[in-house]
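Asker: Pasting a structure here, questions to come.
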Amino acid sequence: MRTSRFFLLLVVFLCGMTSMAIEMTASRLIGTFFGSPLPIWAILIGMVMIYLSLGYTLGGRLADRRPHASFLYGLVGVAAVATGLIPPLSRPLLGWAQEGLANVAAGLYIGALVGVLVLLSIPMVLLGCVSPFAIRLEMMAVDRAGRTSGSIYALSTVGSILGTLLPSFVTIPLWGVSLTFYAFSLLLLLVPLIGVPRWTTRLVFLLFLVGIGALALLFLSGLWRGWREPPPGTVLVDERESVYNYIQVYRDGDRIYLALNEGLAVHSYYSLTYGRTGNPFDLLSYGPWDIFLIAPYFAPDVPEGSFSSMCLIGSAAGTIPKQYGAVYGDRVQIDGVELDPEIVEVGRRYFRMGDEEARGVLRVYVQDGRYFLSTVPRRYDIVAVDAYRQPYIPFHLTTEEFFAQVRAHLKPNGVCAINVGHVVGDDRLVDAIAATMRRVFPSVYVIDLPGHTVTNSIVVATVRESSLADLDRNTARLEHPVLRHVVGYVRGHTRLWSGEGIVFTDDRAPVEHVVDQMILNYVQAR
Numbered sequence: 027m028r029t030s031r032f033f034l035l036l037v038v039f040l041c042g043m044t045s046m047a048i049e050m051t052a053s054r055l056i057g058t059f060f061g062s063p064l065p066i067w068a069i070l071i072g073m074v075m076i077y078l079s080l081g082y083t084l085g086g087r088l089a090d091r092r093p094h095a096s097f098l099y100g101l102v103g104v105a106a107v108a109t110g111l112i113p114p115l116s117r118p119l120l121g122w123a124q125e126g127l128a129n130v131a132a133g134l135y136i137g138a139l140v141g142v143l144v145l146l147s148i149p150m151v152l153l154g155c156v157s158p159f160a161i162r163l164e165m166m167a168v169d170r171a172g173r174t175s176g177s178i179y180a181l182s183t184v185g186s187i188l189g190t191l192l193p194s195f196v197t198i199p200l201w202g203v204s205l206t207f208y209a210f211s212l213l214l215l216l217v218p219l220i221g222v223p224r225w226t227t228r229l230v231f232l233l234f235l236v237g238i239g240a241l242a243l244l245f246l247s248g249l250w251r252g253w254r255e256p257p258p259g260t261v262l263v264d265e266r267e268s269v270y271n272y273i274q275v276y277r278d279g280d281r282i283y284l285a286l287n288e289g290l291a292v293h294s295y296y297s298l299t300y301g302r303t304g305n306p307f308d309l310l311s312y313g314p315w316d317i318f319l320i321a322p323y324f325a326p327d328v329p330e331g332s333f334s335s336m337c338l339i340g341s342a343a344g345t346i347p348k349q350y351g352a353v354y355g356d357r358v359q360i361d362g363v364e365l366d367p368e369i370v371e372v373g374r375r376y377f378r379m380g381d382e383e384a385r386g387v388l389r390v391y392v393q394d395g396r397y398f399l400s401t402v403p404r405r406y407d408i409v410a411v412d413a414y415r416q417p418y419i420p421f422h423l424t425t426e427e428f429f430a431q432v433r434a435h436l437k438p439n440g441v442c443a444i445n446v447g448h449v450v451g452d453d454r455l456v457d458a459i460a461a462t463m464r465r466v467f468p469s470v471y472v473i474d475l476p477g478h479t480v481t482n483s484i485v486v487a488t489v490r491e492s493s494l495a496d497l498d499r500n501t502a503r504l505e506h507p508v509l510r511h512v513v514g515y516v517r518g519h520t521r522l523w524s525g526e527g528i529v530f531t532d533d534r535a536p537v538e539h540v541v542d543q544m545i546l547n548y549v550q551a552r
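The opening residue of the sequence shown carries number 27 in the numbering used here; numbering runs sequentially from there.
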């Protein structure tokens, strides 16, 4: 059995499956801290192709020197061990990435990315050795060379197809990134245990299997969890992985926070104090969410609460709907669009999002925001966009075509508002978004929030031509104390935009390039 043709072909299939599974799982691992824009995907795929190419070359040479199946199975065992070590060795590297992103330190950030890519080199190179090695072992006659090599590569490719699908639809959603690496590592470790004849070698790999199995059990036990700790002084309430995000919910006193992926930005929060008192002031964040409460008043002649509908793209765990429900009551119906169903479930469980759904204030749709707009006929008073995968905005939610789609779904006196994160003092992304919106809307405004290194600006556009005088007239008539309070602390930070910037289109929207340049310029200026 150990040297049979069937077992050899099974190994080819398993290694093809595992090589692609490592790539898919690594994309999630890297995407958690580095995002998943086009440049990151290009780097990952390019490095994997380099590693596999090296493996093909090395495998052919090793097969000619030592054409023994047991030697090949030993190489597979080493690849299995290297795969199982990716989660624990990645942990400090990803900590550097988080620190680099928090402090806008390009050296730490890039160094961490390089480190993670290097971790992938050993398993990918060794798995690349398998197909040419198997062809050499299977080669019985020259006149069958083409058929033999074609069959081997076809079998490996079929395995790769399964390796693409399993992590994406099964193992990562159910187990997460770490356990996915451990599972494929343990699976490959069976190869040398079965295929290597020397008992001493098998014993070594058995010890590795026990060790990696122990790491997996330690992870399952909760004694060692996740890729990052919650902020100091907080209590971790929930932690999970979805198809799209690494999710943490943590508590700081009476406030519940939602953090995603690298954990540097808060994506939703809820005040337990509000749950007891019902006081809307307890929901104020003094950040970008509050500004959406006054976005409708940028349009001409808008009395308090005279609007009735909002589409919120990127509703997360429901902070904005919670604030709207607290301030405006049941007068505003919100269609919340969220891509990640796990975030919606977290919102209902920990952030009382179900309260707004039960009152009829909120309807949640689990789908992409742009797809949602293309499939619903409704028109809204407000379309708000708060969709982020730090530090990038999804490019398809920033283009001229997208904002044209938004305008088509707005009522005659409607407004569009989008949250834009950027480095303090560098408005290139804000200017690009504003310039793009200006192609579609007659009046565009920017509200700049104060910050030290990274901050947010809310860009607001109106369907009808408007001015800051309209905002002043509308807000002067406001009676709700929360609205008056929000107006008070954004007064002086609001401007009518009249600058220049890149216009993003579906064909060309270099969001990642603009963000990367902002970070690079900040580092160079320090």
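We put the CB at the ideal spot given by N, CA and C, even for glycine. From a predicted model like this one, the values you see are computed outputs, not experimental measurements.
1. Nearest-angstrom Cα distance between Ser268 and Leu152?
2. Sorted by chain position, which residues of the same chain lie with C-beta nearer than 6 Å to Glu164's C-beta, five sequence neighbours on each side aside?
3. Terminal residues of the continuous beta strand (DSSP E) containing His511?
4. Please list the terminal residues of the continuous beta strand (DSSP E) segment that includes Arg266.
5. Here's the rule: buried if 16 or more other CB atoms are within 10 angstroms of the residue's CB, otherwise exposed. What is Met27?
6. By Cβ distance below 6 Å, which residues in the same chain neighbour Gly185 in space, the five residues on each side in sequence not counted?
7. Have a look at Leu34 and Thr531 and give me their C-alpha separation to the nearest angstrom.
8. Distance check for Gly110 and Ile339, CA to CA, integer angstroms please.
9. Can Ser335 and Ile360 be called in contact, C-beta distance under 9 Å?
10. Can you check which of these residues, Arg224, Val513 and Ile112, is closest to Val144 by C-alpha distance?
11. Confirm, please, whether the CB-CB distance from Gly344 to Phe307 is below 9 Å.
12. At the level of alpha carbons, what is the spacing between Val449 and Arg228?
13. Roughly how many angstroms separate the alpha carbons of Val363 and Glu383, rounded to a whole number?
14. Spatial neighbours of Pro367 within its chain, please: CB distance less than 6 Å, with the 5 preceding and 5 following residues excluded, ordered by chain position.
15. Spatial neighbours of Pro158 within its chain, please: C-beta separation below 7 Å, excluding the five flanking residues on both sides.
16. Using a 10 Å radius around the Cβ and a threshold of 16 neighbouring Cβ atoms, would you call Tyr350 buried or exposed?
17. Are the beta-carbon atoms of Ser96 and Arg266 separated by less than 9 Å?
18. When the distance is taken between beta carbons, is Ile187 closer than 9 Å to Leu212?
19. Might you give, ordered along the chain, the residues of its own chain that have their beta carbon closer than 7 Å to the beta carbon of Thr299, omitting 5 neighbours on each side?
20. Under 8 Å Cβ to Cβ from Ile71, same chain only, skipping five residues before and after it: list those, please.
21. With H, G and I counted as helix, E and B as strand and the rest as coil, what does DSSP make of Ser602?
22. Name the DSSP bridge partner or partners of Leu436?
23. Can you give me the Cβ contacts of Ala410 inside the same chain, cut-off strictly under 6 Å, excluding the 5 residues immediately before and after it?
24. Could you give the distance in angstroms between the alpha-carbon of Ile282 and the alpha-carbon of Tyr296?
25. Rounded to the nearest angstrom, what separates Gly514 and Pro314 at their Cα positions?
26. In the DSSP assignment, find the unbroken alpha helix (DSSP H) run with Arg499 in it and report its ends.
27. Tell me where the beta strand (DSSP E) around Leu522 begins and ends.
28. At which residue ranges does the region 280-310 contain complete alpha helix (DSSP H) runs of 4 or more residues, listed in the order of the chain?
29. Count the other C-beta atoms from every protein chain shown that fall within 10 angstroms of the C-beta of Tyr414, then say buried if there are 16 or more, exposed otherwise.
30. Express the C-alpha separation of His511 and Val466 in angstroms, rounding to a whole number.
31. Between Ile198 and Leu55, what straight-line distance do the alpha-carbon atoms span, to the nearest angstrom?
32. Report the residue from Thr462, Asn500 and Val456 whose alpha carbon sits nearest the alpha carbon of Phe25.
33. Nearest CA to the CA of Ser147: which residue from Pro326, His293, Thr401 and Ser45?
34. What's the C-alpha gap between Asp453 and Asp542?
35. What residue range does the alpha helix (DSSP H) around Gln349 cover?
36. Three-state secondary structure (DSSP) at Met379?
Answerer: Taking the structure as given:
1. 30 Å
2. Thr174
3. Note, His511: premise wrong, no beta strand (DSSP E); alpha helix (DSSP H) at Pro507 to Val516.
4. Val261 to Glu267
5. Because Met27 carries a pLDDT of 40, less than 50, the predicted location of this residue cannot be relied on, and the following value inherits that uncertainty. Exposed: under 16 other Cβ atoms inside 10 Å.
6. Phe39, Gly42 and Met43
7. 51 Å
8. 38 Å
9. yes
10. Ile112
11. no
12. 54 Å
13. 13 Å
14. Val392
15. Tyr82, Gly85, Gly86 and Ala89
16. buried
17. no
18. no
19. Asp280 and Asp308
20. Glu49
21. No information on residue 602 is available, as it lies outside the stretch 27 to 552 that the chain covers here.
22. Tyr406
23. Phe318, Leu338 and Ala443
24. 5 Å
25. 14 Å
26. Leu494 to Ala502
27. Thr520 to Leu522
28. 298-303
29. buried
30. 31 Å
31. 10 Å
32. Within the shown structure, residues of the chain are numbered from 27 to 552, placing residue 25 beyond reach of any answer.
33. Ser45
34. 13 Å
35. Thr345 to Tyr354
36. helix
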